[in-house]
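J.: Quick one: the structure is below, and I'll ask about it shortly.
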Amino acid sequence: MAKSKQSKSVTCTPEELYDIITAPSGGFQMLPNNAYDEVYPGIYVGEESIGKSRVGLRDLGITYVVNTAMGKGHFYVNINHVMFQKVGIKFYGFEAMDMLNFQLTPFADFIEHALKEV
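Read in order, the letters of the sequence shown are residues 168 to 285 in our numbering.
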């Protein structure tokens, strides 16, 4: 359930959520076309091309990177902390499994620390 400042809670049905997601494209389900999006003040979610661009990240003012697709091969993003040291970006990477019960909490402290520094 999403929380907002205007009300205590906001809910919608799966059908309403689908309508919200597809409304910008006239009812079609489309793949994302942005390399990154700010999803919360100071927090960006991005795809592989921006994640591998040290200069692009630096120019955006990014100081921390979390890679949840760490690994080698297709469907992974093979980057590590060494490549970001030269531009002063702190890095945390791990291989997250695409499962509902996968615990993403280990990197929450890393993100919280990053937000306090911004």
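Even for Gly, the Cβ is constructed at its ideal location relative to N, Cα and C.
1. Please go through the stretch 228-272 and give each complete beta strand (DSSP E) segment of 3 or more residues, from N-terminal end onward.
2. Please name the residue or residues paired with Y211 in a DSSP beta bridge.
3. Quick check: what's the CA-CA separation for M168 versus C179?
4. Please classify S174: is it buried, with 16 or more other beta-carbons within 10 angstroms of its beta-carbon, or exposed?
5. Taking one C-beta from the stretch 194-202 and one from the stretch 263-279 each time, how about it: are there three or more such pairs within less than 8 Å?
6. G218 and V244: beta carbons closer than 8 Å?
7. Tell me whether V177 sits in a helix, a strand or coil according to DSSP, three-state version.
8. Taking the alpha helix (DSSP H) that F277 falls in, what are its first and last residues?
9. Counting C-beta neighbours from all protein chains within 10 Å, is the total for N234 16 or more, i.e. buried, or is it exposed?
10. Assuming the contact rule is C-beta atoms closer than 8 Å, K257 and Y231 should be a hit. Round their C-beta distance to whole Å, please.
T.: Based on what the coordinates show:
1. 231-234 and 257-260
2. Taking the sequence shown and counting its residues from 1, one reaches residue 211 at position 44. According to DSSP, Y211 bridges with E205.
3. Indexing the sequence shown from 1 puts residue 168 at position 1. Indexing the sequence shown from 1 puts residue 179 at position 12. At M168 the pLDDT is 40, less than 50, meaning the model places this residue with poor confidence and gives no usable figure here.
4. For the purposes of this step, residue 174 is taken as the residue at position 7 of the sequence shown. Interpretation of S174 is limited by its pLDDT of 49, a score under 50 that renders its predicted location unreliable; no figure is taken from the coordinates.
5. no
6. Working through the sequence shown from its first residue, we reach residue 218 at position 51. Working through the sequence shown from its first residue, we reach residue 244 at position 77. Contact flag set, yes.
7. Working through the sequence shown from its first residue, we reach residue 177 at position 10. Strand.
8. Residue 277 sits at position 110 when you count from the first residue of the sequence shown. A275 to E284 is the extent of the alpha helix (DSSP H) around F277.
9. Taking the sequence shown and counting its residues from 1, the one referred to as residue 234 is at position 67. Flag for N234 reads buried.
10. Numbered from its first residue, the sequence shown carries residue 257 at position 90. Numbered from its first residue, the sequence shown carries residue 231 at position 64. Yes, they are in contact, since the Cβ atoms of K257 and Y231 sit about 5 Å apart, within 8 Å.
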